[in-house]
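The listed protein sequences derive, respectively, from chains A and B. The numbering used here puts the first sequence at residues 1 to 287. The numbering used here puts the second sequence at residues 1001 to 1287. Where is the CB? At the ideal position from N, CA and C, for every residue including glycine. For clarity, every value in this text was computed on a predicted model and none was experimentally measured. Structure first, commentary second.
Protein chains: 2
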Amino acid sequence: MGTRRGGDLASLPVEIEGAAYHAVDLFDGGAVQGLIEQVRPTHLLHFAWNATPGIYQTTPENFRWVAASLALLEIFHGAGGERVVMAGSCAEYDWSVARVCHEFDTQLATDGGRAGTPYATAKIALQKMIDSYGRQEGLSTAWGRIFFQYGPYEHPDRLVASVITALLEGREAACSPGQQTRGFLHAADIGDAFAALLDSDVAGPVNVGDDRPVTIAELVNAIGDIIGRPELVRLGKRPTPANEPQLLLPDLRRLHDEVGWRSERRLRDGLEDVVAWWRDNQGTKSG
Amino acid sequence: MGTRRGGDLASLPVEIEGAAYHAVDLFDGGAVQGLIEQVRPTHLLHFAWNATPGIYQTTPENFRWVAASLALLEIFHGAGGERVVMAGSCAEYDWSVARVCHEFDTQLATDGGRAGTPYATAKIALQKMIDSYGRQEGLSTAWGRIFFQYGPYEHPDRLVASVITALLEGREAACSPGQQTRGFLHAADIGDAFAALLDSDVAGPVNVGDDRPVTIAELVNAIGDIIGRPELVRLGKRPTPANEPQLLLPDLRRLHDEVGWRSERRLRDGLEDVVAWWRDNQGTKSG
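What follows is the structure, encoded as structure tokens:
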């Protein structure tokens, strides 16, 4: 269940045959209570949060999202809900030591009294609370920690979208040297993995991402190649962002072996899909 | 600031000369906003929580207290508040490994994907969030982790109060063998330590307790001795509670050296004080 404050259903990007849409402001506990009691859902996927690039890591609004998420959890459980999956982030891991991140073995950003960003701290706190709430109340819960992604409708300030739109408009894409290694999962696969996680009874945090390593340079050069404007990709025109670990990948054993989900999509195919989407939707207000 | 739902100010145990009392329901965000904007406090000590013996460790109500505490924090900060201290607990430490608990070095109950009780989980989550909120927003915060305590007005189901009232009524006090080692701090000292913490600029978690080791057997035998009915103390009549570590004490270096506070009260003196209080208030509704 997502929320759009103001509830403009007409702006939903995709209508899915057979799906019913209801808009609700998750900061309005009474409205949430009313909707949940009307719909009485058995399964809940909760993604709403402040994830606006440039803001999301530091805004205290995400502490309000913790409170709103706990309220949603309690209302859902009270109305007979059975299974909850909420969205976490690779930002929960301590990037100063993380390399291949394992859900239980890798240090978290707030472990040992470390100061996490408001975003990481709020996500870590909510994960632990829904886990504890679920065990206590007999409610099945899990938490998908989303790693790096790309896809249609992406916010234009994010990496893949910004490079594609620049190149399609014939502008230079100023990038860092791009020697950091990551894995990128198509948003459709993120959704598919979360659906599989929701359908499973796996509990606790589960990494959701791609573990096939690619450097940022390889990623953006692939976009330049697909669009046919490789000369517009300008590696090294920007500094490497501070606090960027050299290697950050998800350990996907829980997703592969316990949930039984695995991406079959090659990064090149996914990027071609997204470039085609931007060609068709250039100028589309996204995010 | 405490809360009493229903706001019965007449039941406040002690009126302090020069202090002004205001009652507010901390679950009513609008009422909290109104009160804080009226009073505009610069310093906030927040203790309210569900701590009812037999219930507090598992009730999901304490997740609502996390949300209410975050809302209070934001309102206080928005109204010009400067310094916040909230109350945590030694239950935040992982009792399966803890012995002498250090604020940053000792494993917490939810570290490494461990399942904490709702109480421990909620306290840990809130501590990390107020720390992160404070750093981000420039608000000075700290968190007092309360260890074992005793004092007047104690809930009659808690250890010291239950033994004293039994002996004063000439009833047997059925205890465990009592070989666990703890430290006990008088409630007046807990209050004094929190006042010192609030007046300091020390940040983050700070243990508040007594680090002078005493076994439960020594504690209850001292009560029997003070009341003059040692034969009513029946050690070993109850089993030792499950998951009780042999040794659990606070590391008090932060409290002693950074806050500069130290208890001067001997346990024997404190127990005599509390026995005298119960003699004067036998039958008093406490808790």
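Quick check on residue i: buried or exposed, where buried means 16 or more other Cβ atoms within 10 Å of its Cβ?
i         : result
A:Glu231  : exposed
A:Ser263  : buried
A:Asp269  : exposed
A:Ala109  : buried
A:Leu233  : According to the sequence as given, residue 233 of chain A is Val; it is not Leu. So A:Val233 counts as buried.
A:Arg4    : Residue placement at A:Arg4 cannot be trusted, given a pLDDT of 37 that sits under 50; what the coordinates show is reported in the next sentence. Exposed, since its Cβ has fewer than 16 Cβ neighbours within 10 Å.
B:Phe1104 : exposed
A:Arg135  : buried
A:Gly224  : buried
A:Gly6    : Its pLDDT being 39, under 50, A:Gly6 is placed unreliably by the model, and the measurement read from it follows with that caveat. It counts as exposed.
B:Asp1201 : exposed
A:Gly18   : exposed
A:His22   : exposed
B:Thr1042 : exposed
B:Gly1287 : No answer about B:Gly1287 holds up, because its pLDDT of 45 lies below 50 and its placement is not dependable.
A:Asp280  : exposed
Could you tell me whether the Cβ atoms of residue i and residue j are closer together than 7 Å?
i         : j         : result
A:Leu248  : A:Arg182  : yes
A:Arg145  : A:Gly88   : yes
B:Asp1210 : B:Phe1194 : no
A:Asn62   : A:Ala20   : no
A:Arg253  : A:Asp189  : no
B:Leu1271 : B:Ala1222 : yes
B:His1077 : B:Leu1126 : no
B:Ile1130 : B:Leu1073 : yes
B:Gln1033 : B:Ile1075 : yes
A:Leu26   : A:Gly81   : no
A:Pro239  : A:His155  : no
My understanding is that residue i touches residue j, with C-beta atoms under 8 Å, so please give their C-beta distance in whole angstroms.
i         : j         : result
B:Leu1255 : B:Val1208 : 6 Å
A:Cys90   : A:Pro241  : In fact, because the Cβ distance is near 15 Å, the residues do not count as touching under 8 Å.
A:Leu198  : A:Arg83   : 6 Å
A:Glu92   : A:Ala120  : 6 Å
A:Ala161  : B:Ala1067 : Contact doesn't hold; Cβ gap of about 34 Å is too wide.
A:Ala142  : A:Val85   : 5 Å
A:Trp278  : A:Ile124  : That pair is no contact at about 34 Å.
A:Pro118  : A:Pro177  : With 8 Å as the limit, A:Pro118 and A:Pro177 do not qualify as a contact, their Cβ atoms being about 29 Å apart.
B:Val1274 : B:Pro1152 : 6 Å
A:Glu244  : A:Gln180  : 5 Å
A:Ala187  : A:Gln149  : 6 Å
A:Gly260  : B:Lys1128 : About 33 Å separates the two Cβ atoms, so there is no contact after all.
B:Val1267 : B:Val1220 : According to the sequence shown, residue 1267 of chain B is Leu rather than Val. 12 Å between Cβ atoms; not a contact.
B:Ile1227 : B:Cys1175 : Actually they are not in contact, since the Cβ atoms of B:Ile1227 and B:Cys1175 sit about 14 Å apart, beyond 8 Å.
A:Asp111  : B:Asp1111 : 6 Å
Exercise for review: Return the chain-ordered ranges of every beta strand (DSSP E) run that is complete within the segment 1066 to 1104 of chain B and spans a minimum of 3 residues.
Suggested key: 1083 to 1089
Along the segment 29 to 60 of chain A, where does the CB come closer than 7 Å to a CB of chain B? Name the residues. Thr58, Pro60
Residues within the segment 1122 to 1134 of chain B neighbouring chain A, beta-carbon criterion of under 8 Å
Ala1122, Ile1124, Ala1125, Leu1126, Lys1128, Met1129, Asp1131, Ser1132, Tyr1133
Review point. Using a Cβ cut-off of 8 Å, which residues of the segment 1151 to 1177 of chain B contact any Cβ in chain A, in chain order?
Key: none
Query raised in the report: When Cβ atoms are compared, which residues of the segment 1243 to 1273 of chain B fall closer than 8 Å to chain A?
Result: none
- In chain order, which continuous runs of the alpha helix (DSSP H) of length 4 or greater are located wholly inside the segment 144 to 192 of chain A? 159 to 168
| said: Beta carbons nearer than 9 Å to chain A: which residues of the segment 1065 to 1077 of chain B have them? | reply: Interface annotation for the segment 1065 to 1077 of chain B against chain A: Val1066, Ala1067, Ala1068, Leu1070, Ala1071, Leu1073, Glu1074, His1077, criterion Cβ-Cβ distance under 9 Å.
**Request:** Enumerate, from N- to C-terminal direction, the unbroken alpha helix (DSSP H) stretches of 4 or more residues contained entirely within the segment 1021 to 1054 of chain B.
**Result:** 1029 to 1039
message = Which complete beta strand (DSSP E) runs does the segment 203 to 245 of chain A hold, if anything under 3 residues is left out?
response = 204 to 208
| query | Going along the chain, which residues of the segment 179 to 207 of chain A sit with their C-beta nearer than 9 Å to a C-beta in chain B? | reply | Gly204, Pro205
task = Output, in sequence order along the chain, the residues in the segment 1076 to 1105 of chain B whose CB is closer than 9 Å to any CB in chain A.
result = His1077, Glu1103, Phe1104, Asp1105
Of the residues that make up the segment 217 to 234 of chain A, which ones have a beta carbon closer than 8 Å to any beta carbon in chain B? none
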